[in-house]
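**Student:**
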Amino acid sequence: MSVTPATTRESDAGEWFRHFRYVMAENPVTLIAFCLFLMLLVFAVFGPAITPYDPLASETGNALQPPSWAHWFGTDNLGRDVLSRVIVATRLDLLIAVSAVAISFAIGSVLGSLAGYYGGWTDRVVGRCTDTIMAFPLFVLAMGIVAALGNTVENIVYATAIINLPFYVRVARAEVNVRRHAGFVAAAKLAGNSDARLLMFHLYPNILPPMMVQVSLNLGWAILNAAGLSFIGLGVRPPTPEWGIMVAEGATYIVSGEWWMALFPGAALMLAVFCFNLLGDGLRDLIDPQRRT
Amino acid sequence: MGGTGKLSLIGRRLLQAVPSLIGIVIVTFVLTRALPGDPAAYFAGPAADEQSIAEIRTALGLDGSLPEQFWAYVTDLAQGDLGVSISTGRPVVEEIFERLPASLELTLTGLLLAIAIALPLGILAATRPNSWVDHLCRVVVTAGVSLPVFFTGLFFVYVFYFVVDVVPSPIGRLDIFSLAPPRVTGFYLIDSLLVGDFQTFGAAAAQLALPAITMAMFVLAPLARMTRGSMLQVLGSEFIRTANANGLERRTILYTYAFRNALLPILTTLGMVFSFMLGANVLVEKVFAWPGIGSFAVNALVVSDFAAVQGFVLSMAILFVMLNLTIDVLYTLIDPRVGIEG
Chain E
1 MSVTPATTRE
11 SDAGEWFRHF
21 RYVMAENPVT
31 LIAFCLFLML
41 LVFAVFGPAI
51 TPYDPLASET
61 GNALQPPSWA
71 HWFGTDNLGR
81 DVLSRVIVAT
91 RLDLLIAVSA
101 VAISFAIGSV
111 LGSLAGYYGG
121 WTDRVVGRCT
131 DTIMAFPLFV
141 LAMGIVAALG
151 NTVENIVYAT
161 AIINLPFYVR
171 VARAEVNVRR
181 HAGFVAAAKL
191 AGNSDARLLM
201 FHLYPNILPP
211 MMVQVSLNLG
221 WAILNAAGLS
231 FIGLGVRPPT
241 PEWGIMVAEG
251 ATYIVSGEWW
261 MALFPGAALM
271 LAVFCFNLLG
281 DGLRDLIDPQ
291 RRT
Chain R
1001 MGGTGKLSLI
1011 GRRLLQAVPS
1021 LIGIVIVTFV
1031 LTRALPGDPA
1041 AYFAGPAADE
1051 QSIAEIRTAL
1061 GLDGSLPEQF
1071 WAYVTDLAQG
1081 DLGVSISTGR
1091 PVVEEIFERL
1101 PASLELTLTG
1111 LLLAIAIALP
1121 LGILAATRPN
1131 SWVDHLCRVV
1141 VTAGVSLPVF
1151 FTGLFFVYVF
1161 YFVVDVVPSP
1171 IGRLDIFSLA
1181 PPRVTGFYLI
1191 DSLLVGDFQT
1201 FGAAAAQLAL
1211 PAITMAMFVL
1221 APLARMTRGS
1231 MLQVLGSEFI
1241 RTANANGLER
1251 RTILYTYAFR
1261 NALLPILTTL
1271 GMVFSFMLGA
1281 NVLVEKVFAW
1291 PGIGSFAVNA
1301 LVVSDFAAVQ
1311 GFVLSMAILF
1321 VMLNLTIDVL
1331 YTLIDPRVGI
1341 EG
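Residue numbers (this note's numbering), protein chains in the order written: chain E, 1 to 293; chain R, 1001 to 1342.
Structure, rendered in structure tokens:
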């Protein structure tokens, strides 16, 4: 665990960038993941503008066509262009995952920091709550939450956020706990900082790097979970393009050989998850070279 | 030496499950009662009229205070009453017990398959770093965590049913030509063997193959990663070096010394693996129209059959706690250090 003093921040940035370049050059897989990530971002931001067809326009005369030059990914049972739908879906899928992870990051890191810093009953209450969440099979709990709160996209986000919460609480708690008695904390305390100030401006920034690794590894998992929920018919409603529901729609046609309807959204999903997992590993190398696998 | 120590440790582990169970009951209660809107309307389903909603309100004790309601909920649970499923009209407990063996057969077969592949793969990868086995292990581990389980399932259906046609049509536990064996355990594989009906056994195994392999693919990754990691760690430890220096046979060192110690962290990850599996089970059952509790819950979700969904969540959570308990007890029994200290 390295704790960098705040005075050398300027040279740190240069150092960090050099290290970033080194990691990218050393590990081309991370570079590929980074490019994939940029591609996903482009699709998410400009998706509707760059699709060759309207993702909702059905053309029944042209239904279930295999991939061709006109339709690279083929057409679905209503004659909609699968490629356009896969591209447009990127925004919704990323949005669900990113908002869910952002919520659990915000709540989890604060709760975890408090538990790690104060210990005692704060720690016990927070720990008991996370243990209770972990006592459920997580995907099943998410199903129950969505069923209880109502079948909407927002509730998919909340459910995914809740089942991700324990991981952030645990990382934040552990990271704060090991730094609680570090020299820089004692110094800040002696300088007259209150507990709240200490936590907010001295400890919290230091736990951000390990938390970011957790975020990146978690994003892939959040995407998988959200897609799984919409695959079983929760959240996203049919005409809306979303990878999970597109795979579900394609599932009916796969036994009769129309593979493209399920394959392409499924592959997009896989690629996104793969990208975030690789990025997470890459980030870990950047931040903590000792924990390399 | 050790016998009583282990027993008391196991007793303590059993006690540790109590807070989890209490937490689960509270959460499921909150999920059913602290809802926006009228829970009675939820339970009655979308097609209910005023009168049936009022009946359900009294039946559920929803006119009482929250603590009263909680007490009523707990006593109902203690009597095994999870309410009535509005989609089938039968008690939820009956439905779940009838379908549980199908889900367990699928999950356990998948787990056994995964263990049978992951343990040798992990051990080989750990003993031969940077060989092709090691690289294969790394690919499997990375791919395994990125593959959506419902997608792998569909992919297998396409390849093995549509293209090569080596498996029967992916619907249910038996094809239409076979009769279910008489129910003893509810596991078709075991029940058919009990009555010596090899034809049904073959048919059931053929139906089970693809969903079980899909499940196995899914949990292969964490198991293989953990096996490799913990074997590497144990092989680097001092007692292995000592054993090597003393000229013990490689086989003895690997299996008697290293593997037994490496098994402990692997057992601990099994808890997480089960959490994933019980979730993945739902998706795999939907893909293969497997008549287990997962597809029961999915169907219930579609028609807003609330009692059924909550019953499913609760029973899965209890099942998960039980599985974790079993793992903990096994851990205590296997751990060579427990009993020496105790």
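Ideal Cβ placement from N, Cα and C applies to all residues, glycine included.
According to DSSP, simplified to helix, strand and coil, what is Asp1197(R)?
**Tutor:** As a position in the second sequence, residue 1197(R) is number 197, starting the count at 1. Coil at Asp1197(R), not helix or strand.
**Student:** Reducing DSSP to helix, strand and coil, say where Val1084(R) ends up.
**Tutor:** As a first step, residue 1084(R) must be located in the second sequence, where it is residue number 84. Residue state, collapsed to three classes: strand.
**Student:** Is DSSP giving Asp1328(R) helix, strand or coil here?
**Tutor:** Position 328 of the second sequence, counted from the start, is the residue given in the question as residue 1328(R). The answer is helix: DSSP assigns Asp1328(R) an H, G or I state.
**Student:** Output needed in chain order: residues of the region 1308 to 1336 of chain R with a Cβ under 9 Å from some Cβ in chain E.
**Tutor:** Result list: Val1309, Gln1310, Phe1312, Val1313, Leu1314, Met1316, Ala1317, Leu1319, Phe1320, Val1321, Asn1324.
**Student:** Classify Gly1064(R): buried if its beta carbon has 16 or more other beta carbons within 10 angstroms, exposed otherwise.
**Tutor:** Reading the second sequence from its first residue, position 64 is the one you call residue 1064(R). Answer is exposed; the Cβ neighbour count stays below 16.
**Student:** Name the chain E residues whose beta carbon is nearer than 7 Å to that of Val1302(R)?
**Tutor:** Counting from one through the second sequence, the residue named residue 1302(R) turns up at place 302. In chain order: Gly233.
**Student:** Between the region 207 to 214 of chain E and the region 165 to 172 of chain E, are three or more C-beta pairs nearer than 8 Å?
**Tutor:** Touching, per the Cβ criterion.
**Student:** So the candidates are Lys1286(R), His1135(R), Asp1335(R), Phe1070(R); which of them puts its Cα closest to the Cα of Ile1022(R)?
**Tutor:** Locating residue 1022(R) in the second sequence gives position 22, where the first residue counts as 1. Taking only the C-alpha atoms, the option nearest Ile1022(R) is Phe1070(R).
**Student:** Would you list, in chain order, the members of the region 226 to 256 of chain E that have their beta-carbon closer than 9 Å to a beta-carbon of chain R?
**Tutor:** So the list reads Ala227, Gly228, Phe231, Ile232, Gly233, Leu234, Trp243, Gly244, Val247, Ala248, Gly250, Ala251, Ile254, Val255, Ser256, given in the order they occur along the chain.
**Student:** Along the region 1114 to 1132 of chain R, what residues have a CB closer than 8 Å to any CB found in chain E?
**Tutor:** From the region 1114 to 1132 of chain R, no residue has a Cβ closer than 8 Å to chain E.
**Student:** I'd like to check one pair, Thr1227(R) with Ile1253(R): are the Cβ atoms closer than 8 Å?
**Tutor:** Residue mapping note: residue 1253(R) aligns to position 253 of the second sequence, counting from 1. Residue mapping note: residue 1227(R) aligns to position 227 of the second sequence, counting from 1. It is not a contact, given that the beta carbons lie outside the stated cut-off.
**Student:** Could you check whether the region 1075 to 1085 of chain R touches the region 1303 to 1323 of chain R, counting it as contact only if at least three pairs of C-beta atoms, one from each stretch, sit closer than 8 Å?
**Tutor:** Verdict: yes, contact present.
**Student:** According to DSSP, simplified to helix, strand and coil, what is Thr293(E)?
**Tutor:** Looking up residue 293(E) in the first sequence gives position 293. Residue confidence is low: Thr293(E) scores 43 on pLDDT, short of 50, so the model does not pin down where it sits. No coordinate-derived value is stated.
**Student:** When you compare the CB of Ser1087(R) with every CB in chain E, is at least one pair closer than 8 Å?
**Tutor:** Counting from one through the second sequence, the residue named residue 1087(R) turns up at place 87. It does not; no Cβ of chain E falls within 8 Å.
**Student:** Residues of chain E with a CB under 7 Å from the CB of Ser1103(R): which are they?
**Tutor:** Your numbering for residue 1103(R) matches position 103 in the second sequence. Result: empty, since nearest Cβ-Cβ is about 12 Å, beyond 7 Å.
**Student:** Ala1216(R) and Val1141(R): beta carbons closer than 8 Å?
**Tutor:** Counted from its first residue, the second sequence places residue 1216(R) at position 216. Counted from its first residue, the second sequence places residue 1141(R) at position 141. Against a cut-off of 8 Å, the Cβ pair of Val1141(R) and Ala1216(R) comes out as no contact.
**Student:** Show which residues of chain R have a CB atom less than 9 Å away from the CB atom of Arg128(E).
**Tutor:** Looking up residue 128(E) in the first sequence gives position 128. Within chain R, the residues near Arg128(E) are Pro1019, Gly1023.
**Student:** According to DSSP, which residues form a beta bridge with Asp81(E)?
**Tutor:** Indexing the first sequence from 1 puts residue 81(E) at position 81. Thr75(E).
**Student:** Measuring straight from C-alpha to C-alpha, what distance separates Met143(E) and Phe1320(R)?
**Tutor:** Walking along the first sequence from the start, residue 143(E) turns up at place 143. Walking along the second sequence from the start, residue 1320(R) turns up at place 320. Cα to Cα, Met143(E) sits roughly 15 Å from Phe1320(R).
**Student:** Could you say if the region 28 to 35 of chain E and the region 60 to 80 of chain E meet the contact criterion of at least three C-beta pairs nearer than 8 Å?
**Tutor:** At 8 Å Cβ cutoff, the stretches do not touch.
**Student:** With contact counted as at least three CB pairs below 8 Å, one residue from each stretch, are the region 1140 to 1159 of chain R and the region 1198 to 1208 of chain R in contact?
**Tutor:** The region 1140 to 1159 of chain R vs the region 1198 to 1208 of chain R: no contact.
**Student:** From the DSSP output, read off the bridge partner residues of Pro1091(R).
**Tutor:** Position 91 of the second sequence holds residue 1091(R). The partner list for Pro1091(R) (beta bridge, DSSP) reads Val1084(R).
**Student:** If contact means a Cβ-Cβ distance below 7 Å, which residues of the region 262 to 280 of chain E contact chain R?
**Tutor:** Result list: Ala262, Gly266, Leu269, Met270, Val273, Phe274, Asn277.
**Student:** Is Thr160(E) helix, strand or coil by DSSP?
**Tutor:** As a working note, residue 160(E) is residue 160 in the first sequence. It is helical.
**Student:** When Cβ atoms are compared, which residues of the region 135 to 150 of chain E fall closer than 9 Å to chain R?
**Tutor:** Residues Ala135, Phe136, Pro137, Leu138, Phe139, Val140, Leu141, Ala142, Met143, Gly144, Ile145, Val146, Ala147, Ala148, Leu149, Gly150.
**Student:** For Leu1014(R), is the classification buried or exposed, using 16 other Cβ atoms within 10 angstroms of its Cβ as the cut-off for buried?
**Tutor:** In the second sequence, residue 1014(R) corresponds to position 14, counting from 1. Result: exposed.
**Student:** Identify whether Arg237(E) lies in helix, strand or coil by the three-state DSSP scheme.
**Tutor:** Your numbering for residue 237(E) matches position 237 in the first sequence. In this structure, Arg237(E) counts as coil in the three-state DSSP scheme.
**Student:** Since Gly220(E) meets chain R, which of its residues come closer than 9 Å, beta carbon to beta carbon?
**Tutor:** For the purposes of this step, residue 220(E) is taken as residue 220 along the first sequence, with counting starting at 1. Those are Val1145, Ser1146, listed as they occur along chain R.
**Student:** Looking at the unbroken alpha helix (DSSP H) that takes in Phe1296(R), where does it start and where does it end?
**Tutor:** Against the second sequence, residue 1296(R) aligns to sequence position 296. Start and end: 1293 to 1302.
**Student:** Identify which residue in Ile1190(R), Val1027(R), Ala1209(R), Ala1017(R) has its Cα closest to the Cα of Val1284(R).
**Tutor:** The residue you call residue 1284(R) lines up with position 284 of the second sequence. Out of Ile1190(R), Val1027(R), Ala1209(R), Ala1017(R), Ala1209(R) has the C-alpha closest to the C-alpha of Val1284(R).
**Student:** CA-CA distance, Gly1002(R) and Gly1011(R)?
**Tutor:** Translated into the one-based positions of the second sequence, residue 1002(R) becomes position 2. Translated into the one-based positions of the second sequence, residue 1011(R) becomes position 11. Because the pLDDT at Gly1002(R) is just 48, under 50, the model does not fix this residue reliably, and the point stays unresolved.
**Student:** Chain E beta carbons: is any one of them nearer than 8 Å to that of Tyr1073(R)?
**Tutor:** For the purposes of this step, residue 1073(R) is taken as the residue at position 73 of the second sequence. For Tyr1073(R), the answer is no, since every Cβ of chain E falls outside 8 Å of its Cβ.
**Student:** Any idea what DSSP makes of Asn1130(R), helix, strand or coil?
**Tutor:** Translated into the one-based positions of the second sequence, residue 1130(R) becomes position 130. Correct three-state label for Asn1130(R): coil.
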